[in-house]
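Presented below is the structure to which this report refers.
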Amino acid sequence: MSLQFNDSCNKQLTAVGAPIHALAPEAMARGHRDALRDLRERAWSLILRDTRFSADQAALLDAENLHFGRDGFATVMLLEAGEVGAPRSYLPSQCLAPDAASAVERWMCAARIFTGALFREIDEHGRLGQRLGAMGALSQAGTAA
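Just so we're aligned, residue 1 is where the sequence shown starts under full-length UniProt numbering, counting upward by one.
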């Protein structure tokens, strides 16, 4: 991740409305979980829209596959799935429009994802888990709609 991304992330994380002690812990956890899921689902749908990746390909994205530009756009590079041990190459890079890049950046900041799997499970307490598989993302997107 670039320094610019980390700086904007820090600004977003410190721009909090109510003091943390002003909310009941269970309501705060529920709100955090739901907010994270909303951010993740928006980032997921906009990445699919802009890249035309399959759900399986989008589920394989890591934070390192994204490069945010100063112009508001982002570039997504994904290694082609291949046989084990075979050399792998990058698929043609894809461009995210500013609305999609912003949504992905908000998701990454809120979830504090700087490396590794971009789309991850979110448990009932709002904690991130392992990489979200394509079927899990599709089923959760269907229930959110």
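Glycine included, C-beta positions come from ideal geometry on N, C-alpha and C.
Quick caveat, the model's predicted, so the values are computed rather than measured.
{"Asked": "CA-to-CA distance, Leu48 to Asp56, given in whole angstroms", "Found": "10 Å"}
{"Asked": "Distance CB(Leu39)-CB(Ala110) smaller than 7 Å", "Found": "yes"}
{"Asked": "Residue range of the beta strand (DSSP E) that includes Arg120", "Found": "Arg120 to Ile122"}
{"Asked": "Chain C contact for Ser45 (CB, 7 Å cutoff)", "Found": "Note that chain C does not occur in the displayed structure, where there is just one protein chain."}
{"Asked": "Three-state secondary structure (DSSP) of His125", "Found": "coil"}
{"Asked": "Beta-carbon spacing of Arg33, Gly129 below 7 Å", "Found": "no"}
{"Asked": "Close-in-space but distant-in-sequence residues of the same chain around Gly133 (CB under 7 Å, 5 per side omitted)", "Found": "Ala59"}
{"Asked": "Span separating the alpha-carbon of Thr51 from that of Glu124", "Found": "30 Å"}
{"Asked": "Supposed contact pair Ala43 and Phe114 - C-beta distance, whole angstroms, cut 8 Å", "Found": "About 15 Å; that fails the 8 Å criterion."}
{"Asked": "Beta carbon of Ala117 nearer than 7 Å to that of Leu96", "Found": "no"}
{"Asked": "Own chain residues within Cβ distance below 7 Å of Ala101, not counting five before or after", "Found": "Phe68, Gly72, Phe73 and Ala74"}
{"Asked": "Spatial distance of Ser93 from Arg106 (CA atoms)", "Found": "21 Å"}
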